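Going down the list, the sequences are from chains Z and U. The first sequence begins at 2 in our numbering and counts up by one. The second sequence begins at 2 in our numbering and counts up by one. Cβ atoms here follow ideal geometry from the backbone N, Cα and C, with glycine treated the same way. Values in this document were obtained by computation on a predicted structure and should not be read as measured data. Shown next, in structure tokens, is the structure this report addresses.
There are 2 protein chains.
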Amino acid sequence: MTSHVALVSRALGCQKIYMTYLDESISKTLNDINKRWGGKDQFEIEYVDDWKALIRSWKKSRGVIVHLTMYGININDMLPQIDIKRKILVIVGASKVPREVYSMADYNIAIGHQPHSEVSALAIFLDRLSNGMDLMTNFKDAKINIIPSKDGKNIRIT
Amino acid sequence: MTSHVALVSRALGCQKIYMTYLDESISKTLNDINKRWGGKDQFEIEYVDDWKALIRSWKKSRGVIVHLTMYGININDMLPQIDIKRKILVIVGASKVPREVYSMADYNIAIGHQPHSEVSALAIFLDRLSNGMDLMTNFKDAKINIIPSKDGKNIRIT
Numbered sequence: 002m003t004s005h006v007a008l009v010s011r012a013l014g015c016q017k018i019y020m021t022y023l024d025e026s027i028s029k030t031l032n033d034i035n036k037r038w039g040g041k042d043q044f045e046i047e048y049v050d051d052w053k054a055l056i057r058s059w060k061k062s063r064g065v066i067v068h069l070t071m072y073g074i075n076i077n078d079m080l081p082q083i084d085i086k087r088k089i090l091v092i093v094g095a096s097k098v099p100r101e102v103y104s105m106a107d108y109n110i111a112i113g114h115q116p117h118s119e120v121s122a123l124a125i126f127l128d129r130l131s132n133g134m135d136l137m138t139n140f141k142d143a144k145i146n147i148i149p150s151k152d153g154k155n156i157r158i159t
Numbered sequence: 002m003t004s005h006v007a008l009v010s011r012a013l014g015c016q017k018i019y020m021t022y023l024d025e026s027i028s029k030t031l032n033d034i035n036k037r038w039g040g041k042d043q044f045e046i047e048y049v050d051d052w053k054a055l056i057r058s059w060k061k062s063r064g065v066i067v068h069l070t071m072y073g074i075n076i077n078d079m080l081p082q083i084d085i086k087r088k089i090l091v092i093v094g095a096s097k098v099p100r101e102v103y104s105m106a107d108y109n110i111a112i113g114h115q116p117h118s119e120v121s122a123l124a125i126f127l128d129r130l131s132n133g134m135d136l137m138t139n140f141k142d143a144k145i146n147i148i149p150s151k152d153g154k155n156i157r158i159t
């Protein structure tokens with residue numbers, strides 16, 4: 002699950018993913034993807050020991066904290082309120098997100114109010130936030146590039 | 002992974018998910034969700050033995066076949082071409098989607114051209130297709146309803 006969260010972050014234009022626990026397999030997956038599809042210098046993983054300190058320093062530097070939760074306010078109502086010129090920290094988690102996250106976040110945003118998954122919630126949020134531009138993401142150092150095709154697989158390898 | 006595809010389908014307004022293999026744990030997950038969050042009569046799983054026959058009969062009844070693949074044409078270019086008044090069959094799969102799917106599909110659509118996941122691809126596609134209305138999904142027979150909250154969890158149990 003978490004490796005899919007990482008892949009979505011990378012594919013949809015984030016610069017970094019912070020993780021509260023070390024997971025070698027996720028670093029490995031991302032390194033493999035970065036090697037083939039590019040992004041080595043554009044997307045990275047950072048391990049954070051103290052997530053509360055991260056939130057506090059993010060706020061201090063005028064960043065915005067968004068927590069995705071189905072208990073929050075529907076994104077259809079909230080999106081216009083987010084200042085997209087500021088840097089945004091998106092928090093996603095499984096069911097066990099600590100209570101404090103709800104109060105520390107600037108926005109608790111629901112990607113609908115039905116259970117689905119943090120992968121899908123993050124994907125929709127990033128897509129909405131970028132107004133679709135996330136899906137044009139390309140990395141300069143890619144060894145594989147897809148040539149969009151109507152009915153097959155077409156790639157350019159460099 | 003597949004149970005997340007099922008949850009996304011249910012949460013974002015699909016009526017049915019067709020599966021090419023039987024998986025008791027997915028039926029169980031969905032039944033549990035439907036019992037608490039509603040949707041028993043609005044969302045179902047159907048096992049299909051012959052997926053090609055399904056595609057052919059879907060086409061015969063004037064349905065549209067959309068295959069989500071990063072090798073396809075970017076959704077930013079394709080979305081306006083899809084006739085949303087027709088019923089739509091969305092095909093997602095892991096890396097091993099048979100070649101024939103590419104030729105049988107009316108549209109091979111890329112939710113970006115970077116690797117992420119079928120869960121995120123499906124989520125973004127459904128969100129785009131419904132123009133955000135998917136995220137207002139609610140089920141009549143729900144026992145639990147979320148009261149959207151700015152900073153906590155607020156539910157109504159009936």
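How would you write the range of the beta strand (DSSP E) that T70/U sits in, first residue to last?
On the second sequence, residue 70/U is found 69 positions in, with the first residue counted as 1. Residues 65 to 75.
Could you list which residues in chain U have their beta carbon closer than 8 Å to that of D51/Z, in chain order?
In the first sequence, residue 51/Z corresponds to position 50, counting from 1. The premise fails here: D51/Z is roughly 22 Å from chain U at the closest Cβ pair, so nothing lies under 8 Å.
I'd like to check one pair, K53/U with E101/U: are the Cβ atoms closer than 9 Å?
The residue given as residue 101/U occupies position 100 in the second sequence. The residue given as residue 53/U occupies position 52 in the second sequence. Less than 9 Å divides the Cβ of E101/U from the Cβ of K53/U.
M20/U (DSSP reduced to helix, strand or coil):
If you number the second sequence from 1, residue 20/U lands on position 19. Strand.
Is there at least one Cβ from chain Z nearer than 9 Å to G94/U's Cβ?
Residue 94/U sits at position 93 when you count from the first residue of the second sequence. For G94/U, the answer is no, since every Cβ of chain Z falls outside 9 Å of its Cβ.
Helix or strand or just coil, what does DSSP make of N139/Z?
Against the first sequence, residue 139/Z aligns to sequence position 138. Of the three classes helix, strand and coil, the one that applies to N139/Z here is coil, per DSSP.
Apart from the five residues on each side of it in sequence, which residues of its chain come closer than 7 Å, Cβ to Cβ, to M79/Z?
Residue mapping note: residue 79/Z aligns to position 78 of the first sequence, counting from 1. Hits under 7 Å: Y108, I110.
Is V91/Z close to chain U? Criterion is C-beta to C-beta, closer than 9 Å.
Within the first sequence, residue 91/Z is the residue found at index 90, counting from 1. Chain U contact via Cβ: absent.
Do L90/Z and L127/Z have their CB atoms nearer than 9 Å?
Against the first sequence, residue 90/Z aligns to sequence position 89. Against the first sequence, residue 127/Z aligns to sequence position 126. For L90/Z and L127/Z, no; Cβs fall outside 9 Å.
K141/U to V49/Z span [Cα, whole Å]
One-based indexing of the second sequence puts residue 141/U at position 140. One-based indexing of the first sequence puts residue 49/Z at position 48. Straight-line Cα distance between these residues: approximately 42 Å.
When the cut-off is 9 Å and only beta carbons count, does T70/Z lie next to chain A?
Here chain A cannot be found, since the structure's protein chains are Z and U.
Taking C-beta pairs closer than 8 Å, name the residues in chain Z that N75/U reaches, listed in chain order.
Here residue 75/U is taken as the residue at index 74 of the second sequence, counted from 1. Correct list: L136, M137, P149.
When the Cα of T70/U is compared with those of M137/U, M20/U, S121/U, which residue comes out closest?
Here residue 70/U refers to the residue found at position 69 of the second sequence. Checked all of M137/U, M20/U, S121/U; the closest Cα to T70/U is S121/U.
Hey, would you say H117/U sits closer than 9 Å to N75/U, going by beta carbons?
As a position in the second sequence, residue 117/U is number 116, starting the count at 1. As a position in the second sequence, residue 75/U is number 74, starting the count at 1. No, Cβ-Cβ distance for H117/U and N75/U is not below 9 Å.
Report the partner residues of I156/Z according to the DSSP bridge assignment.
On the first sequence, residue 156/Z is found 155 positions in, with the first residue counted as 1. Answer is I147/Z.
Could you have a look at V49/Z and say whether DSSP puts it in helix, strand or coil?
Position 48 of the first sequence holds residue 49/Z. Here V49/Z sits in coil by DSSP.
Take the Cβ of Y72/Z as the centre, count every other Cβ of all protein chains shown within 10 Å, and call the residue buried at 16 or more, exposed below.
Position 71 of the first sequence, counting from 1, holds the residue named residue 72/Z. Buried, by the Cβ-count rule.
Using DSSP with H/G/I as helix, E/B as strand and the rest coil, what is A111/Z?
By one-based count along the first sequence, residue 111/Z stands at place 110. In the structure shown, A111/Z sits in a strand (DSSP, three-state: E or B).
When you compare the CB of D128/U with every CB in chain Z, is at least one pair closer than 9 Å?
Position 127 of the second sequence, counted from the first residue, corresponds to residue 128/U. Closer than 9 Å to some Cβ of chain Z, the Cβ of D128/U qualifies, so yes.
At a cut-off of 8 Å, would you count I46/Z as near the ligand ATP, judging by its Cβ distance to the nearest heavy atom?
Of ligands this structure carries none, so the ligand ATP is not represented either.
Tell me the DSSP secondary structure of V120/Z in three-state form.
Taking the first sequence and counting its residues from 1, the one referred to as residue 120/Z is at position 119. Looking at V120/Z - three-state DSSP - the assignment turns out to be helix.
For S10/Z versus D24/Z, is the C-beta distance shorter than 9 Å?
In the first sequence, the residue the question calls residue 10/Z occupies position 9. In the first sequence, the residue the question calls residue 24/Z occupies position 23. Not closer than 9 Å, so no.
Who does I89/Z pair with in a DSSP beta bridge?
Here residue 89/Z is taken as the residue at index 88 of the first sequence, counted from 1. Per DSSP, V65/Z.
Between V65/U and D84/U, which are expected to be in contact by the criterion C-beta below 8 Å, what is the C-beta distance as a whole number of angstroms?
For the purposes of this step, residue 65/U is taken as residue 64 along the second sequence, with counting starting at 1. For the purposes of this step, residue 84/U is taken as residue 83 along the second sequence, with counting starting at 1. Confirmed, Cβ separation roughly 7 Å.
Roughly how many whole angstroms lie between the Cα atoms of Q82/U and T21/Z?
As a position in the second sequence, residue 82/U is number 81, starting the count at 1. As a position in the first sequence, residue 21/Z is number 20, starting the count at 1. If you take the alpha carbons of Q82/U and T21/Z, they lie about 43 Å apart.
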